[in-house]
Amino acid sequence: MQIATTITQFLADEQSASQRQDRDLPVLLGQVITACKIISNAVNKGALSGVMGSLESENIQGETQKKLDVITNEIFTQTIERGGQLAGMASEEMDDVYQIPAQYPRGKYLLVFDPLDGSSNVDVNISVGTIFSVLRYQGNSAQPAAGEFLQPGTKQVAAGYALYGSSTMLVITTGNGVNGFTLDTNIGEFVLTHPGMTIPADTKEFAINASNQRFWEAPVQRYVTECVAGKTGPRGRDFNMRWVASMVAEVHRILIRGGIFMYPKDNKDPTKAGKLRLMYEANPMSFIVEQAGGLSSTGRQRILDVQPEGLHQRVPVILGSKNEVEVVLSYHAEH
Ligand code: AHG
Ligand code: MN
Ligand code: MN
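Going by this note's numbering, 15 is the number at position 13 of the sequence shown; the sequence numbering is gapless.
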């Protein structure tokens, strides 16, 4: 009988095999995984537990918070703060750094996360997710400042997402490729189902919120116009379009069957460089996409090389199948 590999076993084996042999990392990731299981349960209960709908409050981005945005943020902080692996946390739903309460031990990592990505979808029972990024803490303060989180994506030691879809999955990288696990609710464990995930280099599927078309820059206008022109246009083939409005679901689709996802720079609000946030959306997803053989760029620069200037900084995102992202980048270069 073939016994399934659980994510706990997998991550421990991965560290044993690596040069670094960082025993603390699987411990921290185990706590993150537990938080994702608790969130999966909360999301799955849906309206039964009275957690649908919005609050009066806004987060620092000026977005109305869903009840589940706040609940899932608390699930993350409270599940992970006591484990002793963290120096601090930051998230989409907290204006400033979350300091580990004084009674708990400190550790050498920083955790940055989006507890509920795609939360506009929760009330309508469409897939949502959680995104997380692990950085090393370089300082020695018991209360790290926001500035100490601002490391480029190349410094991430691990990144992943949980997808609460028709099944719950967890996809993770520690810089050794990308592996996907499916939650087996009978045993309460994530089980390895998608080893060595890679993004096909070519695709005929693009994802962009086309209602923003009038605000896009010329290179993105050109790319999408050419895709829509199909077989008789300059690309010489028909394209398909998808838009879930949950980045986690879009990236997951791209990891499974290829595609390109864009939330590009636009002139809708000149004070914003894009919609998605660098530290807890773009960076972890870019790490995963690159580890799976894809590309991720702002259009002008590799996302993982962007030097962050703020915890909630926004960045344009163009990611996915290598050859297709290269087409969009060549249009940016030509422009
Ligand atoms: P969040 O729910 O964490 O604020 O993130 C939503 C993001 C991302 O998941 C998605 O790709 C995008 O916003 C959807 O944007 P539109 O509302 O423009 O479709
Ligand atoms: Mn998000
Ligand atoms: Mn969110």
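Here a beta-carbon is modelled for each residue, glycine too, at the ideal position from N, C-alpha and C.
**Asked** Can the beta-carbon of GLY198 be found closer than 9 angstroms to that of GLY179?
**Response** yes
**Request:** From the DSSP output, in three-state form, read off MET54 for me.
**Result:** coil
**Item:** HIS425, buried or exposed, once every other Cβ within 10 Å from all chains shown has been counted against 16
**Value:** Residue 425 is absent from the model: the chain starts at 3 and stops at 337.
**Request:** May I ask you to verify whether the region 124-141 touches the region 242-254, counting CB pairs closer than 8 angstroms and requiring at least 3?
**Result:** yes
**Residue-chain proximity (LEU113, chain D), Cβ-Cβ < 9 angstroms** = Structure shown: chain D not included; a single protein chain is present.
**Message:** Tell me the DSSP secondary structure of GLU41 in three-state form.
**Reply:** Residue 41 is actually Ile in this sequence, not Glu. Note: ILE41 maps to helix in three-state DSSP.
**Asked** What span of residues does the beta strand (DSSP E) with GLN67 cover, start to end?
**Response** 66-68
**Asked** Roughly how many angstroms separate the alpha carbons of GLN11 and THR187, rounded to a whole number?
**Response** 17 angstroms
**Request:** Out of THR195, ARG244 and HIS196, state which residue places its alpha-carbon closest to the alpha-carbon of THR205.
**Result:** ARG244
**Request:** Determine the burial state of TYR106: buried for a count of at least 16 other Cβ atoms within 10 Å of its Cβ, exposed for fewer.
**Result:** exposed
**Asked** To which residues of the same chain is VAL34 closer than 6 angstroms at the C-beta, ignoring the five residues directly before and after it?
**Response** PHE134
**Item:** ARG304 to LEU50 span [Cα, whole Å]
**Value:** 43 angstroms
**Prompt:** Enumerated in chain order, which unbroken segments of the alpha helix (DSSP H) with a length of 4 residues or greater are wholly contained in the region 61-104?
**Reply:** 69-82
**Item:** Whether LEU113 touches LEU88 by CB criterion (9 angstroms)
**Value:** yes
**Short Cβ contact (9 angstroms threshold) for GLN315 with PRO154** = no
**Asked** So does the region 35-44 actually touch the region 69-84, counting three or more Cβ pairs closer than 8 angstroms?
**Response** yes
**Request:** Using DSSP bridges, identify the partner residues of ASN325.
**Result:** Answer is none; ASN325 lacks a bridge partner.
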